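In the numbering used here, the protein residues as written are 35 to 373.
Note that CB positions come from ideal geometry on N, CA and C, so glycine has one too.
Everything numeric in this text was worked out from a predicted model, so none of it was measured.
In what follows, a structure is listed as structure tokens, so that the remarks can point back to it.
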């Protein structure tokens, strides 16, 4: 009887989600037809440096996309889209973004390649912060301190790189993240302090100490906060691929590291003994301990790895882009990564 009720609850939740997605498609249709279709003119998108522009009639595209959204919404509300619903949702999102860009640049042109290239670059701290959060969450620890790790890593990375070199600054940022992760691990695992409280305490500490040191140390000594960031690296052959080559393969080492980190974590979490033990430690710690897994040691190790990755994500700001540290430079990206 309990299984039947649980099945009915899951079915009701799925129907509610499908209905909400259908109404979402209808909402996209309204926005597209009411707002985006009212601006005539052609939008020009530069698909490569020095190449010809792709010209799109903004108003006509808005009408086409709006009608498509109505059809998707009706299909979703009537019978649902089944197994292809996620793929259709991704395509619909891309269509809506394209319609918005066409509306925003109607009568003008801008570099689509440059925008997407910058988007990929700016995703680095969020990606690495999310990896740190996943490592902790899968191990059974909630890491609210991602924001603090990013911020502290940005500060120490800027100072370290200014006084020595870019690589040493990155290592210092990584070690800073490890230190904060160790503090989180000790209080949340050993002393069993509420993980959320410890995480927020680390965030406030990182914000306060970096702001204080920035005002007291970096402002009077500009040489401690002045460096030349790393330059983009062009991957041979791959960077010559039309359109996506410049977006994905003309990037800094931080972007390539984030690509590798995502692929490595995905493989390791579901294809290795470490990944199995990590998931067991987070979901069934007592069962994992019964089978001989040292849950405490595993959590410590994974938290330290998460801190190292988050520290490198923080180093992206001074070393990978702007070449300096500013107060609260992370701007809440750690909380976005946590979400």
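Sixteen is the threshold: when 16 or more other Cβ atoms of the shown chains lie within 10 Å of the Cβ of residue 341, as they do, the residue is buried.
Between residue 316 and residue 211, the gap from beta carbon to beta carbon reaches 7 angstroms or more. For the pair residue 168 and residue 229, the CB atoms are not nearer than the 7 angstroms cut-off. According to the DSSP assignment, residue 88 belongs to the beta strand (DSSP E) that extends over 87-91. With 16 or more other Cβ atoms from the protein chains shown falling within 10 Å of its own Cβ, residue 151 counts as buried.
Per DSSP, the beta bridge partners of residue 140 are 77. As computed with DSSP, residue 267 is found in a beta bridge with 285. In the DSSP assignment, residue 367 falls within the alpha helix (DSSP H) that extends over 367-372.
For the pair residue 349 and residue 204, the CB atoms are nearer than the 7 angstroms cut-off. The DSSP-derived three-state label of residue 82 is coil. Beta-bridge analysis with DSSP links residue 145 to 80.
Per DSSP, residue 274 lies in no alpha helix (DSSP H) segment and is marked neither H nor E. Nearest Cα to residue 66 within the set 130, 288, 293 and 108: 130.
Look at the beta carbons and you see the segment 298-318 not touching the segment 263-283: under three pairs across the two are nearer than 8 angstroms. Contact check between the segment 55-71 and the segment 103-118: three or more CB pairs, one atom from each, fall below 8 angstroms, which counts as touching. Assigned with DSSP and collapsed to three states, residue 103 falls in helix. Residue 111 is not a Cβ neighbour of residue 122, given a cutoff of 7 angstroms. The residue from 280, 356 and 363 with its alpha-carbon nearest to that of residue 82 is 280. Of the candidates 74, 225 and 61, 61 places its Cα closest to the Cα of residue 101.
When the five nearest sequence neighbours on each side are left out, the beta carbons in the same chain lying within less than 8 angstroms of the beta carbon of residue 313 are those of 172 and 303, in order along the chain. About 7 angstroms separates the beta carbons of residue 183 and residue 215, which is inside the 8 angstroms limit, making them a contact pair.
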